[in-house]
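Number of protein chains: 2
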Amino acid sequence: MTDVRVLLVDDHPVVRAGLRAMLTEFEGISIAADAADGKAALRELSRLAVLGEGVDVVLMDLQMGAGMDGVAATAAIRKLAAPPPVLILTTYDTDADILAAVEAGASGYMLKDAPPEQIRQAVFAAAAGETVLAPKAAALLMNRITNPGTSLTPREVQLLELLATGLSNRAIAKQVFISEATVKTHLVHIYGKLGVDNRTAAIAAATQRRIIRPPGQAS
Amino acid sequence: MTDVRVLLVDDHPVVRAGLRAMLTEFEGISIAADAADGKAALRELSRLAVLGEGVDVVLMDLQMGAGMDGVAATAAIRKLAAPPPVLILTTYDTDADILAAVEAGASGYMLKDAPPEQIRQAVFAAAAGETVLAPKAAALLMNRITNPGTSLTPREVQLLELLATGLSNRAIAKQVFISEATVKTHLVHIYGKLGVDNRTAAIAAATQRRIIRPPGQAS
DNA sequence: CGGCGGGTCAATCAAAAGGTTGACCCCGGG
DNA sequence: CCCGGGGTCAACCTTTTGATTGACCCGCCG
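Taken in sequence, the protein lines are chains A and B. Heads up, my numbering is the position in the first sequence plus 686, with the first residue counted as 1. Heads up, my numbering is the position in the second sequence plus 686, with the first residue counted as 1.
Below, the structure is given as structure tokens:
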């Protein structure tokens, strides 16, 4: 049985070094390569493919300052011929992040502050084709299928995120290429589901329930 | 010349491992210990002091989920008898983070996405008693001393906090026993100082600059 | 003492946001 | 095949917010 070959994708050299050090200490895991952003990850994948060296798991951060971000990179990887499973390893456990990652085709969602042993298990599980979710991610998805009426749709979450950045209805409309009327419609739905009646209260509620990340907590 | 002895403080095992791996590769640096939060850092410092093993530089993250955060830890360390220099190594370069760190007595402010070589130089500089700032940190402090007139008054901060909870102008007025007109006046001033033109953008800006805590985050 | 900054309030107008109703399209499942 | 949910848009009206102007009080400081 050969090692599980991992591709690390994270924009922080420190984190890459940390994962490399941590994972190589485990039996049965080796680091195939690392990349600082999504584009570099795709390059590494094709480079390794040419060499005949497969990658068994991609370990991907979601927040990446420059270049292609984690969601886009995950989606791109899943479109390859024989895509390796993508395990998201990130800092935040907000609904928005989790949903985006799952929709993009991630096969797992773990948090960076997880103990090393959990990360090790997650890597093996992902390599075996299993889905592995952090507790909060699992709970969110369960809740989503049991009572879909009260939870926000992906579109609504998207607008909520833009809302939280301080954009006006008109600005949001332009951003997502819909009319201002539609933005209002969505917002009314959002207010109803969150039990509020204005945008600032919606931001507060959504932040509190960890539907969105606090404003301005980017990379 | 003995090695520069470093104490790592970061709540993520991955990051601690990364810094450890990265720094130990450099000549002249060794890791004295690491800690997951502020309290543990102080414990480590006193433990090492008892052993007669000094610490030359504390490498500190600002954001730490549980326990004492980076700012408080920095302040506490600076109150020790022979405090080692504290070099902040964090993810965000927001105004309030930088200001809080400098006010707490940090002798440097670096970003985690800095290349390893820069981090190495910063550690040596800090150990030598020098001050080392990331470009944005330096720029902010320069700007702050040249035009100090742009900061919010305590009253304005108070209204901003209420604003962030989702209250309407009228509700804010009742809360602090002033008229709605006065609330509007304050908001106009706040918008001017923050460079925004509506309440949601004010919340985003204030959160980003850590003037207020993200909505629904316990203090 | 005289000003100045912070806090208070009012009136007014313009702009944005909120609420309602109704409509159309598309897709997936009973 | 029809229904329902999600997404889109429009028209309309009410309420809230934002912007401007001007005013008063108070405490501090030169």
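Note that beta-carbon positions come from the ideal geometry of N, C-alpha and C, so glycine has one too.
- Bridge pairing for VAL692 (chain B): B:ILE717, B:VAL743 [DSSP].
- Judged by DSSP in its simplified three-state form, THR776 (chain A) adopts strand.
- Using beta-carbon distances, THR886 (chain A) counts as an interface residue toward chain B, with a partner under 8 angstroms.
- Counted as a single uninterrupted DSSP element, the alpha helix (DSSP H) harbouring MET708 (chain A) occupies residues 699 to 710.
- With a contact defined as Cβ atoms closer than 8 angstroms, ARG691 (chain B) and VAL736 (chain B) miss out at about 15 angstroms.
- Among the residues facing chain B, PRO821 (chain A) is not included, as its CB has no counterpart in that chain under 8 angstroms away.
- A Cβ-Cβ contact shorter than 8 angstroms links VAL772 (chain B) with SER793 (chain B).
- Take the alpha-carbon of HIS872 (chain A) and the one of VAL695 (chain A): they are about 35 angstroms apart.
- Collapsing the DSSP output to three states places LEU785 (chain A) in a helix.
- By the criterion of a C-beta distance shorter than 6 angstroms, MET796 (chain B) is surrounded in its chain by LEU775, ALA808, ALA820, once the five residues flanking it on both sides are discounted.
- At least 8 angstroms separates the CB of SER865 (chain B) from every CB of chain A.
- For ALA752 (chain A), the number of other beta carbons within 10 angstroms of its own is below 16, and it is reported as exposed.
- Distance from the Cα of ILE715 (chain B) is smallest, within the candidate group B:GLY881, B:LEU785, B:ILE805, B:GLN861, for B:ILE805.
- With a beta-carbon spacing of about 6 angstroms, THR886 (chain B) and THR886 (chain A) fall inside the 8 angstroms limit used to define contacts.
- Per DSSP, reduced to three states, the secondary structure at VAL818 (chain A) is strand.
- Assigned with DSSP and collapsed to three states, GLY753 (chain A) falls in coil, not helix or strand.
- Contact annotation, MET746 (chain B) with ASP723 (chain B): C-beta distance approximately 10 angstroms; criterion of less than 8 angstroms not satisfied.
- Taking 8 angstroms as the CB threshold, LEU849 (chain A) lines the interface with chain B.
- The DSSP-derived three-state label of GLY794 (chain B) is strand.
- Counted as a single uninterrupted DSSP element, the alpha helix (DSSP H) harbouring THR871 (chain B) occupies residues 866 to 880.
- Among the CB atoms of chain B, none fall inside 8 angstroms of the CB of ILE784 (chain A).
- Excluding residues up to 5 positions away in sequence, ASP747, LYS798 lie with their Cβ nearer than 8 angstroms to the Cβ of VAL701 (chain A) in the same chain.
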